[in-house]
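In what follows, a structure is listed as structure tokens, so that the remarks can point back to it.
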């Protein structure tokens, strides 16, 4: 009787481990709910981005948002660059694996006094002795954005995301941030 019970517990544990492993690999075993993908930047992210732009203008820094919401198709096209299409690899995220696909990320560039759009991380257009890029990042972090330049494996310096504490896995399974924070 004890052997049968032990065998039952062992099989049960194996099943649980298998289910958790499948969940880890595919992330779709336990859906929160079926909800449509967003089709624009989240209102709170838009508001925070506008706040960032305004606070930077007060410091003599102008930025341009070069990308925000991105459809799954657009994401897949970017992912193909440097892989199946010509060009350099610009992202490691396929469609559905980027915060842009959920309206929770923006990319920026600096705008020089002459109106040129640059990604020069050493540019000091306001002449205060500090790189404007660093000032943008510091201001964005004050507003709660996470910066892609802090990532360990793939540095994405123009990337800012406001993820509401949600992982890509949770977003893929249908969890969404509140419309009003």
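Residue numbers (our numbering): 43 to 223. All C-beta atoms in this analysis are idealised placements derived from N, C-alpha and C, irrespective of residue type, glycine included.
Cβ-based burial, residue i [other Cβ within 10 Å; buried from 16]
i	result
residue 132	exposed
residue 125	exposed
residue 192	exposed
residue 220	exposed
residue 117	buried
Cβ-Cβ distance between residue i and residue j below 8 Å
i	j	result
residue 84	residue 109	no
residue 189	residue 202	yes
residue 204	residue 146	yes
residue 90	residue 186	yes
residue 218	residue 77	yes
residue 130	residue 136	no
residue 98	residue 179	no
residue 139	residue 64	no
Distance cut-off 7 Å: residue i Cβ against heavy atoms of the ligand ADP
i	result
residue 193	You won't find the ligand ADP in this model; it holds no ligand whatsoever.
Which of helix, strand or coil DSSP assigns to residue i
i	result
residue 201	strand
residue 109	strand
residue 61	helix
residue 116	helix
residue 83	coil
residue 152	strand
residue 188	strand
residue 104	strand
residue 123	strand
residue 180	helix
Cut-off 7 Å between Cβ atoms - residues of its own chain near residue i, not counting five sequence neighbours on either side
i	result
residue 228	Since the first and last residues shown for the chain are 43 and 223, residue 228 lies out of range.
residue 168	101, 102, 103 and 174
Sequence-distant residues of its chain with Cβ nearer than 6 Å to residue i (five each side left out)
i	result
residue 111	82, 83 and 145
residue 148	91, 107, 110 and 202
residue 199	191
Close beta carbons around residue i, own chain, < 8 Å, minus the five adjacent residues each side
i	result
residue 114	79, 137, 138 and 143
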